[in-house]
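In my numbering, the protein residues as written are 238 to 697. Quick reminder that beta carbons are idealized off the backbone N, C-alpha and C, glycines included.
1) CB-CB under 6 Å to residue 677, same chain, minus the five flanking residues each way: which ones, in chain order?
2) Should the region 463 to 474 be regarded as contacting the region 427 to 446, the criterion being three or more beta carbon pairs within less than 8 Å?
3) Is it buried or exposed for residue 556, if we count other Cβ within 10 angstroms and need 16 for buried?
4) Report the option in 292, 362 and 412 whose CA atom is closest to the CA atom of residue 595.
5) Residues in its own chain within less than 7 Å of residue 390 by CB, not counting five upstream and five downstream?
6) Report yes if the C-beta distance between residue 578 and residue 626 is below 9 Å; otherwise report no.
7) Hey, how far is the Cα of residue 306 from the Cα of residue 267?
8) Assuming residue 526 and residue 485 form a contact by the criterion Cβ under 8 Å, report the distance between their Cβ atoms to the nearest whole angstrom.
9) May I have the straight-line CA-CA distance separating residue 543 from residue 365, to the nearest angstrom?
10) What does the alpha-carbon distance come out to for the pair residue 410 and residue 273?
11) CA-CA distance, residue 318 and residue 468?
12) Taking the alpha carbon of residue 496 as the reference point, which residue from 353, 460 and 538 has its own alpha carbon closest?
13) Going by C-alpha distance, which of 275, 689, 308 and 401 is nearest residue 619?
14) Are the CB atoms of residue 612 and residue 636 nearer to each other than 9 Å?
15) Assuming residue 679 and residue 639 form a contact by the criterion Cβ under 8 Å, report the distance between their Cβ atoms to the nearest whole angstrom.
16) Assuming residue 471 is part of the beta strand (DSSP E), what are its boundary residues?
17) Figure out for me which residue from 356, 315 and 550 has the closest Cα to the Cα of residue 506.
18) So is residue 654 buried or exposed if we call it buried at 16+ other beta carbons inside 10 Å?
19) What ranges does the alpha helix (DSSP H) occupy inside the region 535 to 580, keeping only unbroken runs of at least 4 residues that lie completely in it?
20) Can you give the Cα-Cα distance for residue 401 and residue 458, rounded to whole angstroms?
21) How about residue 543: is its C-beta nearer than 9 Å to some C-beta of chain C?
22) How big is the Cα-Cα spacing for residue 479 and residue 393?
23) In three-state DSSP terms, what is residue 526?
24) If you scan the region 465 to 520 from start to end, which runs of the beta strand (DSSP E) of 3 or more residues do you find wholly inside it?
25) Can you tell me where the beta strand (DSSP E) with residue 665 in it begins and where it stops?
26) Are residue 446 and residue 418 closer than 9 Å when you measure CB to CB?
27) By the 10 Å Cβ neighbour count, where 16 or more other Cβ atoms means buried, how is residue 344 classified, buried or exposed?
28) Would you kindly report the start and end of the unbroken alpha helix (DSSP H) that includes residue 319?
29) Take residue 642 as the anchor and find which of 460, 681, 661 and 553 has the nearest alpha-carbon.
30) Quick check: is any heavy atom of the ligand NAP less than 8 Å from the C-beta of residue 279?
31) Quick check on DSSP: helix, strand or coil for residue 355?
32) Assuming residue 361 and residue 405 form a contact by the criterion Cβ under 8 Å, report the distance between their Cβ atoms to the nearest whole angstrom.
33) What is the DSSP secondary structure of residue 452, counted as helix, strand or coil?
Next comes the structure, spelled out in structure tokens:
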């Protein structure tokens with residue numbers, strides 16, 4: 238049993254869980270997966286392809302014939318972490334293939350680690366496979382590996398990320414993800430639904446829908462329709478969410494930009510088709526800061542929209558992330574953010590201190606905020622958001638909630654409510670009468686106690 242606060246950085250995915258089983262003589266590949274859940278899905282696809290070719294997945298450096306490091310390039314601090322992970326893999330194993338967002342800049346990677354075997358960019362699956370083949374030739378067993386391999390999942394068996402698109406069409410000045418991952422490319426609706434159906438059939442109880450911009454899903458395809466079980470399935474987030482809601486699993490939407498059509502999702506939440514949960518990256522509230530970020534500057538209308546969402550679906554949970562200390566941010570602009578937060582009263586909040594990122598246009602903006610001021614503003618922001626979280630959770634004492642079990646140990650069953658995404662939100666603990674519960678179970682509890690981020694409850 239662990240207690241929050243969790244790591245609130247939304248650019249980090251859960252630690253991957255690797256299968257250690259291998260037959261004698263089978264070539265083994267290790268995987269270090271850094272970065273966001275979108276990168277974790279890339280890692281799953283790479284490992285699925287490798288396992289289908291006869292490779293085993295090693296959970297440690299010593300047992301691997303080579304190691305793939307899937308890197309993150311979201312922030313300069315994330316780049317440092319990626320370089321450290323590559324260095325550790327080289328020290329412990331020596332045969333390292335680099336992929337992911339940092340791999341988009343091969344010169345940067347090789348400048349720090351010239352001995353890596355290969356460097357590929359994000360979602361360049363074929364190039365990664367070619368590099369693995371060159372380093373560790375496959376040795377398939379014809380009696381086993383001719384059979385289709387089931388997908389490799391790096392999350393617990395009861396939940397899975399479902400990536401619906403790649404890339405992003407936004408041009409936020411602080412972000413280089415579009416340069417690394419390209420413009421928006423949406424998957425056909427039938428392909429997403431087919432994957433979701435297979436996941437649910439395999440025992441997944443919760444689908445976490447992810448992309449760089451979930452609200453924009455299908456724009457590049459002009460919201461075309463494809464056949465799905467004899468009926469048209471349109472590549473639009475509202476239609477997709479409605480179809481996903483028929484599969485019998487929890488459906489949780491992440492990275493939803495507040496476009497006007499997002500309000501069409503709220504009735505689906507009120508009906509119980511998808512979870513009443515929106516993960517929306519507001520980033521700031523002050524219109525001048527938002528303009529400097531090259532983001533829509535409509536914080537007042539955003540408050541009106543939030544009120545409308547809550548009126549249509551009173552139980553909705555709102556999660557967001559913010560940046561403090563953006564170049565030029567004044568004390569008055571930061572105070573505007575705190576006041577906005579008091580009024581918006583978001584349920585779940587993460588916060589970054591602004592960092593320069595190589596290639597980002599924000600680097601050239603004037604009036605960068607000193608590090609000590611950024612730290613002070615981050616502390617004040619988190620103190621304010623923590624107080625809001627504590628008050629909201631205290632109001633849940635006595636309520637009955639649906640929860641999903643994530644883990645069970647000798648002390649308690651660790652669960653999540655519909656309001657909590659794995660790793661980044663809070664947890665609910667059942668520390669009595671939890672015998673017989675297992676990960677993936679969904680049950681109703683009554684909340685008995687609340688803390689700043691977590692709840693305690695009993696079974697009903």
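Quick answer:
1) 395 and 442
2) yes
3) buried
4) 412
5) 281 and 397
6) no
7) 8 Å
8) Contact doesn't hold; Cβ gap of about 43 Å is too wide.
9) 43 Å
10) 20 Å
11) 47 Å
12) 538
13) 689
14) no
15) 6 Å
16) 468 to 471
17) 550
18) buried
19) 536 to 549
20) 12 Å
21) The chain labelled as chain C is not found in the depicted structure, where only one protein chain is given.
22) 25 Å
23) helix
24) 468 to 471, 487 to 490 and 514 to 516
25) 665 to 667
26) no
27) exposed
28) 313 to 329
29) 681
30) This structure does not include the ligand NAP; it has no bound ligands of any sort.
31) strand
32) Not a contact, Cβ separation roughly 17 Å.
33) helix
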